[in-house]
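Numbering (this note's numbering), first residue to last: 12 to 362. Even for Gly, the Cβ is constructed at its ideal location relative to N, Cα and C. Remember, predicted model here, so these are calculated numbers, not experimental data.
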C-alpha cells in the first residue's frame, strides 16, 4: 500500500498557520501590534518605570492586548512605587474612578495620597487634583479652600488650564482668607478658555451673560457657550440651548434649543432634562410626545421636586397603556445614560 504525504506547499502553509496561531491575536488587533506588545511587556518586566507606564496604558486602552484595567492598575502601581510622578498620578485616577483597583469602588483616601505624591514632584495636573481634593473634601480630613487655592496657584503658574479655571472660580466667589477678585477671575477663565478648556469657556460665557467683571454681552456669552458645547460640556450645551430658546445672543430657534438640551440631558444634566421634557410636553421645537416628557422628567425628578410634580400630573392623565410605555421609556433612557457615562469614563482610561 502506498503511503501519501502532504505536498511541500501544504506543509509550509500548515507550519505558517501553527506559528500564527501561537500568537494570541484578539479581535481588532493585528499580529504586528501583538508582537510589539509582547516586546514591550518583556522590557517592562525588567523594571523600567517609564516602560511600565507605557505597558499599563496599553492594558488600559486595549492597545496590542485585550483591555484589562486590573493589569493596567498593577503596572501603574509598580511604576508608582518607584516614585514616577506620572504613574502616581494615573494610579490616583484609578482609585478616584474605580478603574481596576481591587475594591472595584472609589477609594478617595488612596486617590488623595497618590495625587499628593505626584503633586510634591511638581506635576501640574496632580497639583490641580490635590487642590480639588482639599476643596471638595475628597480623601482628606476636611475641606480647606485656602489649601486648595495654594495648590491651584502652583498648578496655574505652570499654565495648566483646569487649575486656572478653578482658581478663577475661587476668586470669583471669594471666601475666608481670600478676597473676592472678579477681574482676576475673568482673566483666569480667559486663559483657560484660550487653551480650549471647555469649563473655562463656559464660565467665561457666564461672566458675559451676568456682567461679572465685564460688560453684559449675550452675543459673546453665546459664542463661548457654543465653544464649550461643541466640546461636549453639558453646562455649555444647556446654556446654549437656553440662548436659542430665549433668542439671546442668537436668533430664537426652538429646534436648535431642543438639539442642545438633548445633548446635555443625555449626559445627565438635570436642568436640560427638565427643559427637554417641557419641550416634549408643549411641542416647542419638537412634536408633542407625553411619553418622552414623562421619561425626561422622571430622570430629572430623582433630584428635582418640580419635575416630580410634572410626572405626577402625567401619571393621572396618561392611559394605562401609555403609562406602561412611559415607564419602559424611562428605563431605556436611564440605561442609555449609564452606558454613555461608562463610555466617557473609558475614554479617560490610560490618562
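Suppose you measure from the CA of residue i to the CA of residue j; what does that come to, to the nearest Å?
{"i": "residue 134", "j": "residue 98", "result": "11 Å"}
{"i": "residue 281", "j": "residue 319", "result": "12 Å"}
{"i": "residue 168", "j": "residue 103", "result": "22 Å"}
{"i": "residue 40", "j": "residue 79", "result": "15 Å"}
{"i": "residue 354", "j": "residue 265", "result": "29 Å"}
{"i": "residue 310", "j": "residue 45", "result": "43 Å"}
{"i": "residue 172", "j": "residue 60", "result": "27 Å"}
{"i": "residue 126", "j": "residue 262", "result": "46 Å"}
{"i": "residue 42", "j": "residue 49", "result": "11 Å"}
{"i": "residue 32", "j": "residue 124", "result": "At residue 32 the pLDDT is 39, less than 50, meaning the model places this residue with poor confidence and gives no usable figure here."}
{"i": "residue 132", "j": "residue 312", "result": "45 Å"}
{"i": "residue 202", "j": "residue 175", "result": "7 Å"}
{"i": "residue 302", "j": "residue 70", "result": "42 Å"}
{"i": "residue 204", "j": "residue 322", "result": "38 Å"}
{"i": "residue 253", "j": "residue 227", "result": "16 Å"}
{"i": "residue 84", "j": "residue 54", "result": "18 Å"}
{"i": "residue 350", "j": "residue 153", "result": "33 Å"}
{"i": "residue 307", "j": "residue 141", "result": "35 Å"}
{"i": "residue 47", "j": "residue 75", "result": "7 Å"}
{"i": "residue 241", "j": "residue 58", "result": "42 Å"}
{"i": "residue 192", "j": "residue 299", "result": "46 Å"}
{"i": "residue 182", "j": "residue 157", "result": "11 Å"}
{"i": "residue 67", "j": "residue 178", "result": "32 Å"}
{"i": "residue 22", "j": "residue 207", "result": "Because residue 22 carries a pLDDT of 39, less than 50, the predicted location of this residue cannot be relied on, and the following value inherits that uncertainty. Those two C-alpha atoms are separated by around 59 Å."}
{"i": "residue 401", "j": "residue 143", "result": "Any answer about residue 401 is impossible in this case: the structure gives the chain only from 12 up to 362."}
{"i": "residue 340", "j": "residue 51", "result": "47 Å"}
{"i": "residue 25", "j": "residue 284", "result": "Note on residue 25: pLDDT 34, under 50, position unreliable in the model; no value is reported."}
{"i": "residue 335", "j": "residue 277", "result": "22 Å"}
{"i": "residue 348", "j": "residue 117", "result": "20 Å"}
{"i": "residue 224", "j": "residue 139", "result": "24 Å"}
{"i": "residue 213", "j": "residue 87", "result": "33 Å"}
{"i": "residue 120", "j": "residue 258", "result": "47 Å"}
{"i": "residue 216", "j": "residue 128", "result": "35 Å"}
{"i": "residue 95", "j": "residue 362", "result": "15 Å"}
{"i": "residue 287", "j": "residue 170", "result": "38 Å"}
{"i": "residue 189", "j": "residue 219", "result": "24 Å"}
{"i": "residue 293", "j": "residue 267", "result": "16 Å"}
Looking at the unbroken alpha helix (DSSP H) that takes in residue i, where does it start and where does it end?
{"i": "residue 152", "result": "No alpha helix (DSSP H) holds residue 152; DSSP gives it neither H nor E."}
{"i": "residue 248", "result": "245-257"}
{"i": "residue 61", "result": "60-72"}
{"i": "residue 171", "result": "Residue 171 -> no alpha helix (DSSP H), and no H or E assigned at all."}
{"i": "residue 2", "result": "In this structure the chain extends from 12 to 362, so residue 2 is not present and cannot be described."}
{"i": "residue 221", "result": "209-221"}
{"i": "residue 284", "result": "281-293"}
{"i": "residue 82", "result": "80-91"}
{"i": "residue 51", "result": "42-55"}
{"i": "residue 96", "result": "96-108"}
{"i": "residue 321", "result": "316-328"}
{"i": "residue 274", "result": "265-276"}
{"i": "residue 126", "result": "119-130"}
{"i": "residue 227", "result": "Unbroken run through residue 227: none, as it is neither H nor E."}
{"i": "residue 305", "result": "301-311"}
What does residue i pair with, by DSSP beta-bridge criteria?
{"i": "residue 186", "result": "189"}
Does the distance between the C-beta of residue i and the nearest non-hydrogen atom of the ligand SAH fall short of 8 Å?
{"i": "residue 310", "result": "In the structure on display, the ligand SAH does not appear, and there are no ligands present to speak of."}
When we look at the beta-carbon of residue i and count the other beta-carbons within 10 Å, is it buried (16 or more) or exposed?
{"i": "residue 64", "result": "buried"}
{"i": "residue 328", "result": "exposed"}
{"i": "residue 245", "result": "buried"}
{"i": "residue 317", "result": "exposed"}
{"i": "residue 248", "result": "buried"}
{"i": "residue 238", "result": "buried"}
{"i": "residue 360", "result": "buried"}
{"i": "residue 194", "result": "exposed"}
{"i": "residue 146", "result": "buried"}
{"i": "residue 115", "result": "exposed"}
{"i": "residue 255", "result": "buried"}
{"i": "residue 222", "result": "exposed"}
{"i": "residue 160", "result": "buried"}
{"i": "residue 56", "result": "exposed"}
{"i": "residue 187", "result": "exposed"}
{"i": "residue 250", "result": "buried"}
{"i": "residue 297", "result": "buried"}
{"i": "residue 352", "result": "exposed"}
{"i": "residue 356", "result": "exposed"}
If you measure from the beta carbon of residue i to each beta carbon in chain C, is any gap under 9 Å?
{"i": "residue 85", "result": "No chain C appears in the structure shown, which is made up of a single protein chain."}
key: Three-pair Cβ contact test at 8 Å for the stretch 341-350 versus the stretch 261-275   = no
Given 8 Å, three or more beta-carbon pairs between the stretch 191-198 and the stretch 147-167 = no
query = Hey, is the stretch 103-122 in contact with the stretch 75-89, meaning 3+ C-beta pairs nearer than 8 Å?
reply = yes
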